[in-house]
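These notes concern the structure reproduced below.
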Amino acid sequence: MIQTFFDFPVYFKFFIGLFALVNPVGIIPVFISMTSYQTAAARNKTNLTANLSVAIILWISLFLGDTIL
């Protein structure tokens, strides 16, 4: 079987697995409790930084995971 770069079923399975590991629904209470002292602007900046960090890590894992392993 020839594997293409855009093998969507494989990417979908990979995304679902990483989504379960990241668990964004379960982290909401933790984020709220850790940022309760911050102003709304600081909380938004923290949110953006955390989300971009996770997105970058997930993209790197997606494209370089097999090479790294």
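Note that our numbering has the sequence shown beginning at 1009, numbered continuously upward. We treat Cβ as the ideally placed atom computed from N, Cα and C, and that holds for glycine.
Option nearest residue i by Cα separation, candidates the options
i       : options                            : result
Ala1063 : Pro1032, Met1042, Asn1052          : Pro1032
Ala1058 : Val1030, Thr1075, Asp1074, Leu1077 : Val1030
Limits of the alpha helix (DSSP H) - the one that residue i falls within
i       : result
Ser1069 : 1048-1076
Gly1014 : Residue 1014 is actually Phe in this sequence, not Gly. Per DSSP, Phe1014 belongs to no alpha helix (DSSP H) and is neither H nor E.
Ser1041 : 1032-1042
Take every Cβ of the region 1058-1076, pair it with every Cβ of the region 1018-1031, and state whether three or more of those distances are shorter than 8 angstroms.
Segments in contact, yes.
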